[in-house]
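A.B. asks: Questions regarding the structure given below will be posed in turn.
Protein chains in written order, with the working numbering: chain A, 63 to 442; chain B, 1089 to 1226.
So, in structure tokens, the structure goes:
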């Protein structure tokens, strides 16, 4: 089975870009990735792309060129980017293509998402009575976790403080001003225990990557970043997912736990080997819980980790070095690939002011509705 | 709550009016697993009355007005926050519910609570609130 390398990475900055559609942002990111890889669109043999609200990725061929290549649309919620990368890596491993493009983009209206119960197979009363909000799910999962493992609100604040500090160092981030801990803690309560600054907002942005077989990467003389694992998993019994009118008494692990274990097994390494990690941080508590679900610490240890600054740049395991979703916002189709983009920059040593010194192994994790997770492990 | 009794339920098959009221869950015939609400597939699930009392498993407060649709409740200015959470019904299932009659600052995981039916936008829905005073907390 051939090794797979990332040889090109491009991004359209996250946040709000009026007058540029999500699809156009995707095209801009794709062109940047191709230029970064030093290849032409005509060289790409297969493409995978997706967005939740920004349109059909495959229509990009009108802009990029009508080369006749297979272009598959991926729709996997927050794991869209991870699923596209997983598919492209497998296409290369299968010998189907030696050069692949992966693209994720989105453009969401302002404000919280407002899903319709019927689209989720749920009865109308569930939405009518005000229980169908994603923000509530995050708060409810977090409250239970905090009570069980002794996590306090200040730790949530520290996650957000770190995110905005890192975002200030990332040119592609949306929120580029540090926010102090007191402001975060005293800001408007949204869904207890989470305040306004502890939640990410729907936003816009796009990322594209060029993947190559090992032989092709050598032929092109590229400096590759190796894909050691790209894994997608759906939920096991007893996991706690968004939009659940009831939960089983017998609780089980999350899809993240399954994806993480599988990714470490495929890569043949453990959490202790990771130098930098990008973890789904839809809100502050998600980053806390995902630190443990991905195997980086035991449940409850996050309280000390955050107090000691261990996940800051310069700490023992820097987490969300570009500010994550909290500072970049959440364009659903693009977020997972933004994490991979950030890891590529870290492994190339081109992350500028947010560079993690000596980073050789980088981990990224997305989680989304209705219970799926994608994990990617890269190495230089 | 006399007037409430004349209101139509927010959905059929969700609860029995009582007294005392009860949520109707579904027991999967093959496994005994209980879910709420009871799925329409009656070959697979049989309706069961769920325990009326339980304990708060998790909770939050909805501080901003949910988007409408789908929300059908009142959206005053300023918006009046409401509490909701999951309630563990012993030996049965954990159900999501609005929480009614608690002060926000008394909410905590493990707090005993009991089912009640409450008026909601011209209809009757379910919620969990403090135990009735005359009853012994279990």
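In this text, a Cβ means the ideal position worked out from N, Cα and C, and glycines have one as well. These figures come from a predicted structure and were not determined experimentally.
Just to confirm my understanding: we take residue 129(A), look at its own chain, exclude 5 residues before and 5 after, and list those with CB closer than 6 Å. What are they?
C.D. replies: So the qualifying residues of the chain are 104.
A.B. asks: Using only the alpha-carbon positions, how far apart do residue 252(A) and residue 1151(B) sit?
C.D. replies: If I take the Cα positions, the gap works out to 5 Å.
A.B. asks: By Cβ distance, which residues of its chain are closer than 6 Å to residue 435(A), with the 5 residues on each side in sequence left out?
C.D. replies: 295, 317, 318, 321, 429.
A.B. asks: Considering only their Cβ atoms, is the gap separating residue 108(A) from residue 153(A) smaller than 7 Å?
C.D. replies: It is a contact, given that the beta carbons lie within the stated cut-off.
A.B. asks: Would you mind reading off the limits of the alpha helix (DSSP H) that contains residue 280(A)?
C.D. replies: Segment 276-282, the alpha helix (DSSP H) holding residue 280(A).
A.B. asks: Rounded to a whole number of angstroms, what is the C-alpha to C-alpha distance between residue 382(A) and residue 365(A)?
C.D. replies: If I take the Cα positions, the gap works out to 17 Å.
A.B. asks: Please list, in chain order, the chain A residues whose beta carbon lies closer than 7 Å to that of residue 1148(B).
C.D. replies: Neighbours of residue 1148(B) on chain A, chain order: 198, 201, 202, 205, 253, 254.
A.B. asks: When Cβ atoms are compared, which residues of the stretch 1092-1110 of chain B fall closer than 8 Å to chain A?
C.D. replies: Going along the stretch 1092-1110 of chain B in chain order, one finds 1098, 1099, 1102 with a Cβ nearer than 8 Å to chain A.
A.B. asks: Taking only runs of the alpha helix (DSSP H) that begin and end inside the stretch 145-191 of chain A, which ones reach a length of at least 4 residues, in chain order?
C.D. replies: Whole alpha helix (DSSP H) segments, 4+ residues: 186-190.
A.B. asks: List the residues that DSSP assigns as beta-bridge partners of residue 1116(B).
C.D. replies: DSSP lists 1133(B) as partners of residue 1116(B).
A.B. asks: Using 8 Å as the Cβ pair cut-off and three pairs as the minimum, do the stretch 90-101 of chain A and the stretch 145-159 of chain A touch?
C.D. replies: The stretch 90-101 of chain A is not in contact with the stretch 145-159 of chain A.
A.B. asks: Is residue 344(A) buried or exposed, if buried means 16 or more other CB atoms sit within 10 Å of its CB?
C.D. replies: Buried.
A.B. asks: Is the CB of residue 351(A) under 7 Å away from at least one CB in chain B?
C.D. replies: By this cut-off, residue 351(A) is not an interface position.
A.B. asks: Looking at the strands, I want to know which residues DSSP matches up with residue 109(A).
C.D. replies: 133(A), 163(A), per the DSSP bridge assignment.
A.B. asks: For a contact defined as C-beta to C-beta under 8 Å, what are the partners of residue 1182(B) on chain A?
C.D. replies: What residue 1182(B) touches in chain A: 308, 309, 310, 311.
A.B. asks: I'd like the list of long-range same chain contacts for residue 257(A), defined as Cβ closer than 6 Å, with 5 residues on each side in sequence excluded.
C.D. replies: Cβ within range, chain order: 249, 251.
A.B. asks: Using the Cα positions of residue 426(A) and residue 324(A), report the straight-line distance between them to the nearest angstrom.
C.D. replies: Cα-Cα distance, rounded: 13 Å.
A.B. asks: Return helix, strand or coil for residue 1169(B), following the three-state DSSP convention.
C.D. replies: In the structure shown, residue 1169(B) sits in coil (DSSP, three-state: anything other than H, G, I, E or B).
A.B. asks: What residues in its chain sit with their C-beta under 7 Å from that of residue 278(A), if we drop five residues either side in the sequence?
C.D. replies: Closer than 7 Å at Cβ, skipping near neighbours: 160, 161.
A.B. asks: Alpha carbon to alpha carbon, how far is residue 1162(B) from residue 418(A)?
C.D. replies: Answer to the nearest angstrom: the Cα atoms are 50 Å apart.
A.B. asks: Just tell me which of 1156(B), 1119(B), 1123(B), 1143(B) has its CA closest to the CA of residue 1111(B).
C.D. replies: The option with the nearest alpha carbon to residue 1111(B) is 1123(B).
A.B. asks: Just the Cα atoms here: how many angstroms apart are residue 422(A) and residue 336(A)?
C.D. replies: Answer to the nearest angstrom: the Cα atoms are 8 Å apart.
A.B. asks: Give the secondary structure of residue 104(A) by DSSP, where H, G and I count as helix, E and B as strand, and everything else as coil.
C.D. replies: Helix, per DSSP.
A.B. asks: Check whether the Cβ of residue 1227(B) lies closer than 7 Å to any Cβ atom in chain A.
C.D. replies: Here chain B comprises residues numbered 1089 to 1226, so residue 1227(B) is not present and cannot be evaluated.
A.B. asks: Going by beta carbon distance, what residues of the same chain come within less than 8 Å of residue 212(A), once the five residues before and after it are set aside?
C.D. replies: Excluding positions up to five away in sequence, the list reads 362, 365.
A.B. asks: Please compile the residues from chain A whose C-beta is within a distance smaller than 8 Å of the C-beta of residue 1191(B).
C.D. replies: Near residue 1191(B) there are no residues of chain A at all, since even the closest Cβ is about 13 Å away, more than 8 Å.
A.B. asks: List the residues that DSSP assigns as beta-bridge partners of residue 1163(B).
C.D. replies: Answer is none; residue 1163(B) lacks a bridge partner.
A.B. asks: Short of 7 Å Cβ to Cβ, which residues in the stretch 1195-1213 of chain B face chain A?
C.D. replies: The stretch 1195-1213 of chain B vs chain A, Cβ under 7 Å: 1197, 1208, 1213.
A.B. asks: Output the boundary residues of the alpha helix (DSSP H) element that contains residue 1150(B).
C.D. replies: Taken as a continuous stretch (DSSP letters only), residue 1150(B) belongs to no alpha helix (DSSP H), being part of the beta strand (DSSP E) at 1141-1150.
A.B. asks: Would you mind listing the beta strand (DSSP E) stretches within the stretch 206-288 of chain A that are 3+ residues and don't spill past its ends, in chain order?
C.D. replies: Counting whole runs of 3 or more residues, the stretch 206-288 of chain A contains the beta strand (DSSP E) stretches 251-253, 266-275.
A.B. asks: For a contact defined as C-beta to C-beta under 7 Å, what are the partners of residue 1118(B) on chain A?
C.D. replies: Simply none; closest approach about 14 Å.
A.B. asks: Assuming residue 139(A) and residue 431(A) form a contact by the criterion Cβ under 8 Å, report the distance between their Cβ atoms to the nearest whole angstrom.
C.D. replies: Right, the Cβ-Cβ distance comes to about 5 Å (below 8 Å), so this counts as a contact.
A.B. asks: Nearest chain A C-beta to residue 1175(B) closer than 7 Å, yes or no?
C.D. replies: No - not a single Cβ of chain A is within 7 Å of the one on residue 1175(B).
A.B. asks: To the nearest angstrom, how far is it from the Cα of residue 368(A) to the Cα of residue 1094(B)?
C.D. replies: For residue 368(A) and residue 1094(B), the distance between alpha carbons rounds to 54 Å.
A.B. asks: Name, please, each residue of chain B whose Cβ falls closer than 8 Å to the Cβ of residue 187(A).
C.D. replies: Those within 8 Å of residue 187(A) in chain B are 1098, 1099, 1102, 1213.
A.B. asks: Would you identify the three-state DSSP class for residue 1216(B), choosing helix, strand or coil?
C.D. replies: Looking at residue 1216(B) - three-state DSSP - the assignment turns out to be strand.
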